[in-house]
Amino acid sequence: MDILGSILSRLTFRESSGMGLVSHIWRRLWRSCCWKLVFTRATMFQPRNKSIKRTRTNFAMRVDSFLRQLHTHSPLDKFVIKFGLRRKHTCHVNRWIRFCSASRARHITIDFTPGVKGFAMGFAMGLANSKYIFPLNVFSGPDGSSTHVRFLHLGYVCLDTTSSGFMAFANLKKLTLHKISFLGGLQCLMLPEFNSLEWLSISYCSLPGLSTCQPLQRLRCVRLHYCYLKKIELEAPNLTSFDLTNPPIPFVLGASLKVMEANIKLLSYDDNLDYIYTELPAALSHVHKLSITSPLCIFDELQGFAKISARFINLRHLTMYLPLYGDLESIDGILRLAYLLELAPALEELELHANGGDVSVGWALRRNMLPYPHNKLKRVLISGAFEWEGLMELAYYILRSANRLECMILDPMRRIGGPPLDGWMVDRGREMIKEFFEGEEFRSILTIL
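Each residue of the sequence shown is one higher than the last, beginning at 647 in the working numbering.
Below you can see the structure in the form of structure tokens.
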């Protein structure tokens, strides 16, 4: 029986359930040794069978029929439901959640995110009122079923964190929330006993803010996308990765001195350079690798920006994706980026990807800023280089400032957003770059693609 159980454990969900049809022995073994339950469109409906409609009612009936054949309290490693179900299917889903809790499942995925067609129908019927209310109190039984959960992924459901009797998922390591509505706060779900959490992802959720009342000692990775948060205050001393897509807001990561990588995407059409130069160094002073996506206004009137004492003291690799808009011939608007050399004294690699311009008639070197000596920068890449005159001035400034620069690559192609440039425009841009940097001074380290 151990050998047969080992065979079942190596099969996919559909294959292992099919083995139950071979004989009574296989059927009994499958009932008692089914460790992974995955209910999706692919597992519940045969792709080539057109006789059965893939409706929510048929899906619910098939899952009900399947679960009735299993031993209720056999431990589960994984329990997955992915289908566009709604609040009107509560009686079915509640039974499945109770089964999942009684089976002490370790990895739980409940994702009712609709497809494109489902979203169109949902907007007509009212999306907010149609979400299934996830019963957190089911995991607060006397058997301590919540302590068995290690991974929890919830999508397109409503969480009532004010429900009485709910105890936190004390041993939860990974939490993913996607398009969740909250009745109460997220803190009620996480605290007070949430010290095992290592990975947190929240996307497309309506949250006023995210804060913790006590340090999350094991938290390593945080991803916050399109939640339009107003405030972030996290105490995570061992945080190593931080990913934020949000309008510019102040955020505090406590004593997070081990952040190795951060990705910041600013959802704003304003000029965000002040925010980048003040808030980000204050919050991510120890980051090693940083990626920033932000629009940038290019006008000569925008010459000043705020400066503070905070620096990226450990930053080695910086990548910036800059949709530019404004005056193509503005120099000072782009030269504000030269402050990056002073802001990141340990910087070794710099990538600037710009778009939004057009081919200019011609350039002439018009600025002679005093170089800022930088002894660490070794490699620079600038794409969309010829569309903005200020970018060439910036490249010239970096060439004169970086004492140990080994390579600078200027790419006339757009590498972010926007329509691709015609061949003749790229050729013309390449010639303009060569004319701008004519001479022998930087030929050994300058490469024009």
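Using N, Cα and C, we set each Cβ at its ideal position, and we do this for glycine too. As the structure is a computational prediction, the values presented were derived from the model and not from experiment.
- [ ] Count the other C-beta atoms from every protein chain shown that fall within 10 angstroms of the C-beta of proline 1184, then say buried if there are 16 or more, exposed otherwise.
- [x] Nothing about residue 1184 can be read from this structure; the chain reaches only from 647 to 1095.
- [ ] Using only alpha-carbon positions, find the residue among Pro861, Pro781, Cys804 that is nearest to cysteine 851.
- [x] In the sequence shown, counting from the first residue as 1, residue 851 sits at position 205. It is Cys804.
Open item on the list: So the candidates are Thr703, Ile756, Arg866, Gln860; which of them puts its Cα closest to the Cα of lysine 825?
Closed with: Start at 1 with the first residue of the sequence shown, and residue 825 comes out as number 179. Out of Thr703, Ile756, Arg866, Gln860, Ile756 has the C-alpha closest to the C-alpha of lysine 825.
- [ ] State yes or no: is the C-beta of leucine 853 within less than 8 Å of the C-beta of lysine 819?
- [x] Walking along the sequence shown from the start, residue 853 turns up at place 207. Walking along the sequence shown from the start, residue 819 turns up at place 173. Result no, Cβ atoms of leucine 853 and lysine 819 do not sit closer than 8 Å.
Task: Rounded separation between lysine 877 and phenylalanine 691 - CA only - done: Taking the first residue of the sequence shown as 1, we reach residue 877 at position 231. Taking the first residue of the sequence shown as 1, we reach residue 691 at position 45. Each residue's alpha carbon lies about 44 Å from the other.
Task: Residues near methionine 966 in its chain [Cβ-Cβ closer than 6 Å; skip 5 each side] - done: Here residue 966 corresponds to residue number 320 of the sequence shown, with the count starting at 1. Correct list, in chain order: Ile938, Leu998.
Open item on the list: Here's the rule: buried if 16 or more other CB atoms are within 10 angstroms of the residue's CB, otherwise exposed. What is leucine 899?
Closed with: By one-based count along the sequence shown, residue 899 stands at place 253. Answer is buried; the Cβ neighbour count reaches 16.
Task: Runs of beta strand (DSSP E) lying entirely within the segment 902-941, each at least 3 residues, in chain order - done: Taking 3 residues as the shortest admissible run, the segment 902-941 contains the following complete beta strand (DSSP E) segments, listed from N- to C-terminal end: 907-912, 935-939.
Open item on the list: For phenylalanine 613 and proline 861, what's the separation of their Cα atoms in angstroms?
Closed with: Limits of the chain in this structure are 647 at one end and 1095 at the other, which puts residue 613 out of reach.
- [ ] Locate the beta strand (DSSP E) running through glutamate 997, then write down its first and last residues.
- [x] Sequence index remark: in the sequence shown, residue 997 carries index 351 (1-based). First-last of the beta strand (DSSP E) with glutamate 997: 995-1001.
Task: Backbone secondary structure at valine 795 - three-state DSSP - done: Sequence index remark: in the sequence shown, residue 795 carries index 149 (1-based). If DSSP states are grouped into helix, strand and coil, valine 795 belongs with coil.
Open item on the list: Based on DSSP bridge pairs, tell me the residues matched to tryptophan 681.
Closed with: Against the sequence shown, residue 681 aligns to sequence position 35. None, per the DSSP bridge assignment.
TODO: Rank Leu1016, Ala929, Arg866 by C-alpha distance to the C-alpha of leucine 821 and give the top, closest one.
DONE: Along the sequence shown, read from residue 1 onward, the residue named residue 821 stands at position 175. When C-alpha distances from leucine 821 are compared across Leu1016, Ala929, Arg866, the shortest belongs to Arg866.
Task: Cβ-based burial, glycine 979 [other Cβ within 10 Å; buried from 16] - done: The residue labelled residue 979 in the question sits at position 333 within the sequence shown. If you draw a 10 Å sphere on the C-beta of glycine 979, you find 16 or more other C-beta atoms in it, and that means buried.
- [ ] Kindly indicate which three-state DSSP category lysine 728 falls into: helix, strand or coil?
- [x] For this step, residue 728 is matched to residue 82 along the sequence shown. Strand.
Task: Helix, strand or coil at glycine 1030 [DSSP, three-state] - done: Position 384 of the sequence shown, counted from the start, is the residue given in the question as residue 1030. Coil at glycine 1030, not helix or strand.
Open item on the list: How far does the beta strand (DSSP E) with lysine 709 in it extend, from its first residue to its last?
Closed with: For the purposes of this step, residue 709 is identified with residue 63 of the sequence shown, where counting begins at 1. The displayed chain sequence assigns valine, not lysine, to residue 709. Unbroken run through valine 709 is the alpha helix (DSSP H), 702-714; no beta strand (DSSP E).
Task: Nearest residue (CA-CA) to aspartate 1073, options Glu925, Met1059, Phe1082 - done: Along the sequence shown, one-based indexing puts residue 1073 at 427. It is Met1059.
- [ ] Apply the 10 Å Cβ neighbour rule to asparagine 1001 and answer buried if 16 or more other Cβ atoms are within range, or exposed otherwise.
- [x] The residue given as residue 1001 occupies position 355 in the sequence shown. Residue environment analysis places asparagine 1001 among the buried positions, since at least 16 neighbouring C-beta atoms fall within 10 angstroms of its C-beta.
Open item on the list: Between the alpha carbons of phenylalanine 765 and lysine 724, how many angstroms are there, rounded?
Closed with: As a working note, residue 765 is residue 119 in the sequence shown. As a working note, residue 724 is residue 78 in the sequence shown. Note that phenylalanine 765 scores 49 on pLDDT, short of 50, meaning its location in the model is unreliable; the coordinates nonetheless yield the value given after this. Using only the alpha carbons, I get a separation of about 28 Å.
TODO: Can you grab the Cα-Cα spacing for the pair isoleucine 1044 / proline 1017, in whole Å?
DONE: Taking the sequence shown and counting its residues from 1, the one referred to as residue 1044 is at position 398. Taking the sequence shown and counting its residues from 1, the one referred to as residue 1017 is at position 371. One Cα belongs to isoleucine 1044, the other to proline 1017, and the distance between them is close to 8 Å.
Open item on the list: Is it buried or exposed, alanine 908, if we count other Cβ atoms within 10 angstroms and call 16 or more buried?
Closed with: Numbered from 1 along the sequence shown, position 262 holds the residue referred to as residue 908. In summary, alanine 908 is buried, with 16 or more beta-carbon neighbours lying within 10 Å of its beta-carbon over all protein chains present.
Open item on the list: Just to confirm before moving on: does the CB-CB distance between proline 941 and tyrosine 985 stay below 8 Å?
Closed with: For the purposes of this step, residue 941 is identified with residue 295 of the sequence shown, where counting begins at 1. For the purposes of this step, residue 985 is identified with residue 339 of the sequence shown, where counting begins at 1. No.
TODO: Inspect the beta-carbon positions of tyrosine 872 and serine 849 and report whether they are closer than 8 Å.
DONE: In the sequence shown, residue 872 corresponds to position 226, counting from 1. In the sequence shown, residue 849 corresponds to position 203, counting from 1. Yes, Cβ-Cβ distance for tyrosine 872 and serine 849 is below 8 Å.
TODO: For methionine 598, count neighbouring C-beta atoms within 10 Å of its own C-beta (all shown protein chains included) and say buried if the count is 16 or more, exposed if not.
DONE: One cannot answer for residue 598 here, as it falls past the ends of the chain, which runs 647 to 1095.
Open item on the list: Determine whether the beta carbon atoms of histidine 934 and arginine 962 lie at a separation below 8 Å.
Closed with: Taking the sequence shown and counting its residues from 1, one reaches residue 934 at position 288. Taking the sequence shown and counting its residues from 1, one reaches residue 962 at position 316. Result yes, Cβ atoms of histidine 934 and arginine 962 sit closer than 8 Å.
- [ ] Note down, in chain order, each residue of its chain lying with its Cβ closer than 7 Å to the Cβ of glycine 761, except the 5 sequence neighbours on either side.
- [x] In the sequence shown, the residue the question calls residue 761 occupies position 115. Cβ neighbours of glycine 761 within its own chain (closer than 7 Å, five residues either side excluded): Gly730.
TODO: Using a threshold of 8 Å, state whether the C-beta atoms of aspartate 806 and leucine 823 are closer than that.
DONE: Along the sequence shown, one-based indexing puts residue 806 at 160. Along the sequence shown, one-based indexing puts residue 823 at 177. No. Outside cutoff.
TODO: Look at the alpha carbon of phenylalanine 1083 and the alpha carbon of valine 1026, and state the distance between them as a whole number of angstroms.
DONE: Within the sequence shown, residue 1083 is the residue found at index 437, counting from 1. Within the sequence shown, residue 1026 is the residue found at index 380, counting from 1. The alpha-carbon atoms of phenylalanine 1083 and valine 1026 are separated by roughly 16 Å.
- [ ] Check the C-beta distance from leucine 903 over to histidine 932 and give it rounded, since I have them as a contact under 8 Å.
- [x] Here residue 903 refers to the residue found at position 257 when the sequence shown is read from its first residue. Here residue 932 refers to the residue found at position 286 when the sequence shown is read from its first residue. Taking C-beta atoms under 8 Å as the contact rule, leucine 903 and histidine 932 qualify, at a distance of about 5 Å.
Task: Range of the contiguous alpha helix (DSSP H) that encloses methionine 1038 - done: Looking up residue 1038 in the sequence shown gives position 392. For methionine 1038, the enclosing alpha helix (DSSP H) covers residues 1035-1047.
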